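Chains A and B, in that order, are what the protein sequence lines are. Residues in the first sequence are numbered from 197 upward in steps of one, following this note's numbering. Residues in the second sequence are numbered from 197 upward in steps of one, following this note's numbering.
Protein chains: 2
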Amino acid sequence: MDQFPGKAKWATLVEEIPELVTSIKQAAQLTGLTEDTIRYYEKIGLLPYADRKKNGHRIYSREQIQGIIFLTRLKATGMTLEEMKHFREMTNAGDESIPARLSILEEHKQKIQSEIARLSDIQTIIEFKIDHFREIFQHPNSNDMLCEEASKKEI
Amino acid sequence: MDQFPGKAKWATLVEEIPELVTSIKQAAQLTGLTEDTIRYYEKIGLLPYADRKKNGHRIYSREQIQGIIFLTRLKATGMTLEEMKHFREMTNAGDESIPARLSILEEHKQKIQSEIARLSDIQTIIEFKIDHFREIFQHPNSNDMLCEEASKKEI
DNA sequence: TCTTGACTTGGAGTACACTCCAAGTTGTAC
DNA sequence: GTACAACTTGGAGTGTACTCCAAGTCAAGA
C-alpha cells in the first residue's frame, strides 16, 4: 500500500548478494531502494555511516545489505523510520539487546496481525457494497428494497 | 496502520445515525474524523459543499454521513484522497456510473487482497527473525550455526 | 590532456494529509 | 445587553518520507 517497489526486482536470497557490494547503485538495486533513499537513510542515522572506497564511494558487506533489506520489510509493514532507527540502534548494543529487539518484533508482528484483520473486515464491507451495486445494476427496480435491507447491516 | 481512530467510537450501524445531523461536531463523532478534517475534505472537493443552517453551520443527512463513513473505509484500506474524490464524483453522475464505480471497487478489493498477502509474507519473514533471536537467546553458542542455516532462506 | 560517468556533499523542494490559528458571526443563557 | 459556546472562513504551518539539484571529486578511456 506504501510505495513498495516491484518484488521481482531485488534480492530475496542471500546467494543473490555479492559478498562485497561496491557501489550505491548496486546497493540500490539489491535492496529495492533508490540511491537517494539510501543516502537519506544514512543522513538521518537510520543506516550507519557506510565504509567508503578511497575515492569516497560507499561499499557494503553482504550482511549490511541483508540488514537494509530487513529494514525494508519492517517499513513495508508500516514501521516508521523512527521506530526502525530505534530497532537498529539496539543492534549496535550487541546481543544483550536481543530480548528488547525480540519484544519489538513481537509487538510489530501483533500490529501486522491487527492490520490484516482490519483490512479483512473492511474487505467484507466493500464486498457488500459491490454486491449492492451489482444488484442495482441487474435489477434496477428493486433498488429501494435493497437499500432498506442494507440499512440493517454495517455501514 | 494509518492513523485510524479507535473502532468503538463512531457509528457502525445506520440506527446509530440520526436522520439529520445538525453540527459538524456530531458529524465528526459519527464518522471518526475530526471537524478540521471534514472541513478540509469539503475544501478539496472530496465532500460536496454541505447544506448550512441559517447561521451557516453545516448539516448532514443520514445518507451523507453514511457516505462519509464509507469513504473512511476506503481511506483506511489505502485509497488516496484523489482516488476517493474520483469515486465520489462518479456518484454525482447517477446510476449510469455504477458499472464504473463497481470496477473501481473491484480493483480496490484486489489491491486490499494483495496488501493482505504482502503483509502475510513479511509476517512470515519476521517470524523467522523472531525464532532466530530466540535461538540465539536460548542457545548463545549455536549462534553461528543458525546464521548459516538462515543464510539459505529468504531474507 | 580532456571528457565522461559514477559517485560525493549539503541543502532546498515536493507530495500527501492533515492541523492549527486568527478573526468574525450567530444564538442562547443569564 | 453582554458573555459565552459553537460554529464559520481563509490561510499558514506541520510531519513524514522522500526527491531533486548544484557543485565538486575521482578514475578510466580516447
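Backbone N, C-alpha and C fix where the C-beta goes; we use that ideal spot for every residue, glycine too. In this text the structure is predicted, and so the values were computed from the model without any measurement.
Query	Result
Can you check whether the CB of Thr273 (chain A) is closer than 7 Å to the CB of Ile318 (chain B)?	yes
Who are the Cβ neighbours of Glu311 (chain A) in its own chain at under 8 Å, not counting the five residues just before and after it?	Thr273, Gly274
Please classify Glu345 (chain A): does DSSP put it in a helix, a strand, or coil?	Below a pLDDT of 50, predicted positions are generally treated as unreliable, and Glu345 (chain A), at 45, falls in that range; the measurement from the model is reported next regardless. Helix, per DSSP.
Pick helix, strand or coil for Tyr245 (chain B), following the three-state DSSP scheme.	coil
Whole angstroms are fine: how far does the CA of Ile326 (chain A) sit from the CA of Glu303 (chain B)?	11 Å
For the region 251-280 of chain A, list every residue whose C-beta sits within 7 Å of some C-beta in chain B, in sequence order.	Gln262, Ile265, Phe266, Arg269, Ala272, Thr273, Gly274
Assuming Phe333 (chain A) and Leu270 (chain B) make a contact with CB atoms under 8 Å, what is their CB distance in whole Å?	Going by Cβ atoms, the distance from Phe333 (chain A) to Leu270 (chain B) rounds to 20 Å, so no, they are not a contact pair.
Could you check the C-alpha separation between Glu331 (chain A) and Ala296 (chain B) for me, to the nearest Å?	14 Å
Counting only the same chain and skipping the five closest in sequence on each side, list residues whose C-beta sits under 8 Å from that of Ile261 (chain B).	Ala207, Ile213, Val217, Ala223, Leu226, Thr227
For Pro295 (chain B), return the contacting residues in chain A, with the cut-off set at a CB-CB distance below 9 Å.	Phe329, Phe333
With 7 Å as the threshold, decide whether the Cβ of Gln225 (chain A) is near any Cβ in chain B.	no
Assign Ser219 (chain B) to one of three DSSP states: helix, strand, or coil.	coil
According to the Cβ coordinates, are Ile308 (chain B) and Phe329 (chain A) closer than 7 Å?	no
Restricting to Cα atoms, I'd like to know which of B:Glu215, B:Lys221, B:Arg235, B:Gly252 is closest to Glu259 (chain B).	B:Glu215
Could you tell me the distance, in whole angstroms, from the CA atom of His253 (chain A) to the CA atom of Ala246 (chain A)?	9 Å
Within 7 Å of any Cβ in chain A, is that where the Cβ of Lys239 (chain B) sits?	no
Say whether chain B places a C-beta atom closer than 7 Å to the C-beta of Leu229 (chain A).	no
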